[in-house]
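Note sheet for the following structure.
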Amino acid sequence: METNPPRSSTDVEGPSIRIAWQDDHSIRAEWNMTKEFKQEVEKKFAIPFAELPFVLRLFDVTDRKEIRDDGTDLYTDFDINHRSSEWILYGVTQGLEYCVDLGIRMVDGRFFSLSRSQMI
Numbered sequence: 496m497e498t499n500p501p502r503s504s505t506d507v508e509g510p511s512i513r514i515a516w517q518d519d520h521s522i523r524a525e526w527n528m529t530k531e532f533k534q535e536v537e538k539k540f541a542i543p544f545a546e547l548p549f550v551l552r553l554f555d556v557t558d559r560k561e562i563r564d565d566g567t568d569l570y571t572d573f574d575i576n577h578r579s580s581e582w583i584l585y586g587v588t589q590g591l592e593y594c595v596d597l598g599i600r601m602v603d604g605r606f607f608s609l610s611r612s613q614m615i
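For the sequence shown, my numbering begins at 496 and goes up steadily by one.
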């Protein structure tokens with residue numbers, strides 16, 4: 496099954512994000528953002544990169560097989576440190592299917608996706 500390609504918010508190539516099972520109850524997410532991409536994101540939001548509220552959004556896609564962004568997607572947000580390039584996501588269940596978006600959660604609650612992982 497094909498997954499959604501990584502999405503970029505800017506003209507610069509966006510970050511790549513990969514996920515893999517850590518154990519039966521956790522997933523490891525790893526990503527890489529270039530210096531150029533960080534500068535573009537900072538310019539787009541007019542906020543210093545270190546002050547942007549980065550989030551990993553873990554989607555349960557077991558029954559849906561896709562993310563519809565229609566308000567009915569099942570997800571959990573994990574606030575992450577802007578200096579990180581990996582994070583362990585707990586509270587998952589082996590046998591279910593997941594994917595993860597790396598993004599920014601705005602003050603008003605809107606989520607801006609920078610990149611989407613493959614489904615596992």
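The beta-carbon is built from N, C-alpha and C at its ideal position, and this holds for glycine as well.
Rounded separation between residue i and residue j - CA only
i: Gln589; j: Ile562; result: 20 Å
i: Val536; j: Val587; result: 30 Å
i: Met528; j: Asp518; result: 26 Å
i: Asp565; j: Gly604; result: 15 Å
i: Asp568; j: Ser608; result: 14 Å
i: Ile583; j: Thr571; result: 13 Å
i: Val602; j: Lys538; result: 17 Å
i: Arg559; j: Val595; result: 15 Å
i: Lys530; j: Glu508; result: 11 Å
i: Leu551; j: Gln534; result: 20 Å
6 Å Cβ shell around residue i - same chain, five flanking residues per side excluded
i: Phe606; result: Gly598, Arg600
Residues sharing a beta bridge with residue i, DSSP
i: Leu551; result: Phe573, Leu597
i: Glu581; result: Glu525
i: Phe606; result: Arg600
i: Asp518; result: Ser521
Inter-residue CB distance, residue i and residue j (contact presumed, cutoff 8 Å)
i: Leu553; j: Phe573; result: 7 Å
i: Pro510; j: Phe532; result: 6 Å
i: Ile615; j: Tyr593; result: 6 Å
Cutoff 7 Å; reference residue i; Cβ partners in own chain excluding five residues on either side
i: His577; result: Phe544, Ala545, Leu547, Phe549
i: Thr557; result: Leu591, Glu592
Proximal residues to residue i (C-beta, below 8 Å), its chain only, five neighbours per side dropped
i: Arg513; result: Ala524, Glu525, Trp526, Ser612, Gln613
i: His520; result: Tyr585, Gly586, Val587, Thr588, Gln589
i: Ile522; result: Ile514, Ala515, Trp516, Leu553, Ile583, Leu584, Val587, Tyr593, Val595, Ile615
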